[in-house]
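Scroll down for the structure; my scribbles are underneath it.
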Amino acid sequence: MRKKILTTISLFIIIGIFSLFYIYKGHRDIESETADYVVTVNELEKEFASNDSLAYIKYQDKTIELSARVTSIDKAGNGIVMSEKIFVTFKDRLPQNITSGKTLKIKGRFLGYDELLEEFKIDQSSVVH
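Mapping of the sequence shown onto numbering that gives the first Met the number 0: residues 0 to 128, in sequence order.
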């Protein structure tokens with residue numbers, strides 16, 4: 000009887016430890032990841048216009064890389080707007096060399112499409128050289 004209780008308790012402890020490791024994974028380092036998709040603004044727009052459900056499944060929480068023109072800079076929000084359609088926030092701080100009108104290549108985690116503001120959201124971004 001005692002052996003059975005010890006086995007059951009050990010089993011629960013092992014399951015608990017594995018559950019903790021599964022739930023509390025380490026943070027992703029988007030900058031060191033290779034991009035899952037290299038896309039343009041037009042490609043994103045077309046895919047979301049044709050079937051937004053499939054596009055969400057494809058891009059949601061994936062690392063994407065894209066090039067576009069910087070249309071505005073939000074220093075307080077640590078972000079930029081690219082091609083008037085993509086809101087990008089940076090991982091640490093806004094890079095110093097960014098100017099409005101400059102074409103920039105960025106890599107970041109795709110969050111989704113904001114239908115109210117009609118813009119795509121990307122965070123944890125970094126400039127690709």
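Just so it is clear, CB atoms sit at the ideal spot from N, CA and C, and this is done for glycine as well.
None of the values given here were measured: they were computed from a predicted structure.
In the three-state reduction of the DSSP assignment, V126 falls in the strand class, which pools E and B.
Unbroken beta strand (DSSP E) stretches of 3 residues or longer found wholly inside the region 67 to 107: 78 to 81 and 85 to 89, given in chain order. Taken through DSSP and simplified to helix, strand or coil, Y36 comes out as strand. D60 is positioned such that its CB atom lies closer than 9 Å to that of F109. Within its own chain, the residues whose Cβ lies closer than 6 Å to the Cβ of K101, once the five positions on either side in sequence are excluded, are V69, listed in chain order.
The three-state reading of DSSP puts L10 in helix, counting H, G and I together.
Residue pairing by DSSP places I63 opposite Y36 and G107 in a beta bridge. K24 sits in coil when the DSSP states are folded into three classes, being neither helix nor strand.
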